[in-house]
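J.:
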């Protein structure tokens, strides 16, 4: 085990996978200078043929990813902020998600799109969306939201090797977070949730960046006598319904924590899955801690007021565990 | 299709290449005429967009391509598909929605594709192929085999912002891409001149790209322009822009009359002018071939009958095919059966 930061884990995964397969290429905005740190050293190591700075043209970045993948390459495309995928959305929603179906399976599209998502840093509404639900609804695209350095490295490596298109969403603010990563080849399968904490009274189901607030909430809940289990979803498509439902069957209660807007969020999908498949085990309604259909305001205090935090999670969990919150 | 070398004199390969071009144009014309008839009399599952009148652009460009070269097409893509060597039986079965279709009935008329022949596919999104072709050109450049990537698009698509993005990227990276604008003057149901500023070709000139504007109903002129552009790609000299002026005889789609409900965007006189032998790309090419002694009336009649027989066979193949697999969409999208 080596303790490294999240961004470094992503960087290691990119280096290792480009080393492994010479047909893996990477392009996107500002990848040469590596403004987010995740693409550092790639241009020097793999050269300007395989690592390319693009103009600011998301429609073409996403479309070229489709074309180059269809023509035999394994493509990593960097879109910087996940808000920018909206500009490239025809190529994502109409081409990337659909061409395997529309060609009758003639092609695979091994594409991994990198983007940083989410709020909490006063980036204002156009750089703060947690838009994974939009991608989840497309079908045909894997949506990954790893929350730890180990998962970031292991899942990114798996995603790059996968023949399905995937979005690897790095949570804003997690980049500097450190964690142990296994030495040597480290692969994490897609579609498997993690269970970083066992518990018996309530299941806290965390999506991506919400893991820190969730851990903090679990500690606060313990102080009022609630033993919380934590599920880190990690992968939204494919979604590990089995692990989620099994945990809820055990605890009888669920809070789903997601920084997406509430309407059609990952949290609402997970809540629906629990209602469909775990109803018999439920002893209380499923609660969602999400953003109440607003975009992120700029002012730090205004953003903090909207952004889901540990106290929101504690309140939601306590309300279904018949506990009073001090 | 034999690749005609247009700089040659009237030698055997040149002549056989031209006959192959005419053969392919006839196949496209007869196939699409049959689709129009079937759509009207029997009905086809979805929308059908025909390129009747534009055969010379598809065939002229593709006559210069190898099977390994990449090609993206438009929603009006039957001609491009057949010109690049696509199988008419598999195309008809696709349009009929059968499992024997080239895309197993999952794509339909607007999405015919055959990767084994470099046909990345038709596309239901106007301008959808531009960035895909640019990406294929990037792959071709990395492969280093001298392969080219051709993007067919229309004057309607030229008003999409992604067009300018792709001209830019193709040129800064010196990609082996050929942007072929089939300028038929119509953006769906709107006359393009009413929604377009300036000359389209100037957009490519603004990106310092070699530009060739040709009579898109003169298959030899189109092939000549393509030959030069393909040679540039093979030599690693970067992208080219070809604009082929042409005209679409049929509506935006076959159900147009019903959709427009009596409304019009062009006069029937205009359409009739383009149907005449002095403008029709097939009639013009036939008379050239007769004049140059490359064929005679008997041969032409035989070629026409042959095209019609291929279309008869394609209809039979499509009709006989089993229906599409109702579970295939789930399998291809990687969806569990529960969902």
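Residue numbers (the numbering used here), protein chains in the order written: chain S, 6 to 331; chain W, 3 to 341.
Glycine residues also receive a C-beta, built at the ideal position from the N, C-alpha and C atoms.
Quick one: which chain S residues come within Cβ less than 8 angstroms of residue 123/W?
T.: Per Cβ cutoff of 8 angstroms: 104, 107 and 108.
J.: If we ignore side chains and look at the alpha-carbon of each, how far apart do residue 110/W and residue 333/W end up?
T.: One C-alpha to the other measures close to 18 angstroms.
J.: Taking a Cβ distance cut-off of 8 angstroms, strictly less, list which residues of the segment 156–183 of chain W are near chain S, in chain order.
T.: Within the segment 156–183 of chain W, the residues whose Cβ lies closer than 8 angstroms to some Cβ of chain S are 163, 164, 167, 168, 170, 171, 174 and 175, listed in chain order.
J.: Let me check one thing: in DSSP terms, what residues is residue 98/W bridge-paired to?
T.: Answer by DSSP bridge pairing: none, since residue 98/W is not bridged.
J.: What residues from chain W crowd round residue 64/S, counting only those whose CB sits closer than 8 angstroms?
T.: In chain order: 133, 163, 164 and 167.
J.: If we cut at 9 angstroms on Cβ distances, does residue 243/S have a partner in chain W?
T.: Answer yes: the Cβ-Cβ gap between residue 243/S and chain W drops below 9 angstroms somewhere.
J.: May I ask you to list, following chain order, the residues of the segment 71–84 of chain S that have a beta carbon less than 7 angstroms from some beta carbon of chain W?
T.: Against chain W - using a Cβ distance shorter than 7 angstroms - the residues of the segment 71–84 of chain S are 71, 72, 73, 75, 76, 77 and 78.
J.: Report the partner residues of residue 153/W according to the DSSP bridge assignment.
T.: DSSP lists 74/W and 181/W as partners of residue 153/W.
J.: Strictly by DSSP, which residues pair up with residue 259/S?
T.: Bridge partners of residue 259/S: 208/S.
J.: Starting from residue 86/S, follow the beta strand (DSSP E) in both directions and report where the run begins and ends.
T.: First-last of the beta strand (DSSP E) with residue 86/S: 79–86.
J.: Do the segment 152–166 of chain S and the segment 248–265 of chain S make contact, defined as three or more Cβ pairs closer than 8 angstroms?
T.: No, they do not touch.
J.: Determine which residues of the segment 35–64 of chain S have a Cβ less than 8 angstroms from any Cβ of chain W, and write them out in chain order.
T.: Those residues of the segment 35–64 of chain S that come within reach of chain W (Cβ to Cβ, closer than 8 angstroms) are 54, 55, 57, 59, 60, 62 and 64.
J.: So what's residue 183/S in DSSP terms, helix, strand or just coil?
T.: The answer is strand: DSSP assigns residue 183/S an E or B state.
J.: Residues of chain W with a CB under 9 angstroms from the CB of residue 30/S: which are they?
T.: By Cβ distance, chain W contributes 140, 141 and 144.
J.: Quick one: residues in its chain with C-beta nearer than 6 angstroms to the C-beta of residue 156/S, no 5 flanking neighbours on either side, listed in chain order?
T.: Closer than 6 angstroms at Cβ, skipping near neighbours: 193 and 239.
J.: Taking 6 angstroms as the limit between beta carbons, can you name the residues of its chain near residue 117/S, skipping five residues before and five after?
T.: So the list reads 81, 164, 165, 171 and 173, once near-sequence residues are dropped.
J.: If we cut at 9 angstroms on Cβ distances, does residue 277/S have a partner in chain W?
T.: So no, residue 277/S is outside the interface.
J.: Enumerated in chain order, which unbroken segments of the alpha helix (DSSP H) with a length of 4 residues or greater are wholly contained in the segment 47–79 of chain S?
T.: Runs found: 47–55 and 63–75.
J.: Measure from the alpha carbon of residue 29/S to the alpha carbon of each residue in 178/S, 264/S and 21/S, then state which is nearest.
T.: Taking only the C-alpha atoms, the option nearest residue 29/S is 21/S.
J.: Are the segment 294–314 of chain S and the segment 115–134 of chain S touching, with three or more C-beta to C-beta distances below 8 angstroms?
T.: Yes, the segment 294–314 of chain S touches the segment 115–134 of chain S.
J.: Compute the distance between the beta-carbons of residue 90/W and residue 313/W, then report whether it is under 9 angstroms.
T.: Yes, Cβ-Cβ distance for residue 90/W and residue 313/W is below 9 angstroms.
J.: For residue 78/W, collect the residues of the same chain with a Cβ closer than 6 angstroms to its Cβ; drop the 5 residues on either side in sequence, then sort them by chain order.
T.: So the list reads 51 and 53, once near-sequence residues are dropped.
J.: Measuring straight from C-alpha to C-alpha, what distance separates residue 295/S and residue 108/W?
T.: Roughly 37 angstroms between the two C-alpha positions.
J.: Can you look up residue 327/W in the DSSP assignment and give me helix, strand or coil?
T.: Reduced to three states, the DSSP call for residue 327/W is coil.
J.: Determine contact between the segment 23–35 of chain W and the segment 297–313 of chain W, defined as no fewer than three beta-carbon pairs at a distance below 8 angstroms.
T.: A contact exists between the segment 23–35 of chain W and the segment 297–313 of chain W.
J.: Apart from the five residues just before and just after residue 335/W, which ones in its own chain have a Cβ nearer than 7 angstroms to its Cβ?
T.: The answer is none, since no qualifying residue turns up.
J.: Does residue 90/S come out as helix, strand or coil in the three-state DSSP assignment?
T.: The answer is helix: DSSP assigns residue 90/S an H, G or I state.
J.: In the segment 61–72 of chain W, which residues sit with their C-beta less than 7 angstroms from some C-beta in chain S, listed in chain order?
T.: Answer in chain order: 72.
J.: Thinking just about the alpha-carbon of each residue, which of 198/W, 202/W and 245/W is nearest to the one in residue 152/W?
T.: It is 245/W.
J.: What residues match up with residue 116/W in a beta bridge as DSSP calls it?
T.: Beta-bridge pairing links residue 116/W to 121/W.
J.: Output yes or no for whether 9 angstroms exceeds the beta carbon distance between residue 102/W and residue 287/W.
T.: No; because the gap between Cβ atoms is not below 9 angstroms, this pair is not in contact.
J.: Check whether the segment 176–195 of chain S touches the segment 8–24 of chain S, counting contact only when three or more Cβ pairs, one atom from each stretch, lie closer than 8 angstroms.
T.: Result yes; three or more Cβ-Cβ pairs closer than 8 angstroms.
J.: Just the C-alpha distance for residue 281/W and residue 55/W, rounded to the nearest angstrom, thanks.
T.: If I take the Cα positions, the gap works out to 9 angstroms.
J.: Distance, Cα to Cα, residue 209/S vs residue 267/S?
T.: Using only the alpha carbons, I get a separation of about 17 angstroms.
J.: Over the uninterrupted alpha helix (DSSP H) stretch that includes residue 118/S, give me the two end residues.
T.: Segment 116–122 is the beta strand (DSSP E) holding residue 118/S; no alpha helix (DSSP H) there.
J.: Name, please, each residue of chain W whose Cβ falls closer than 7 angstroms to the Cβ of residue 99/S.
T.: Here the neighbours are 127 and 130.
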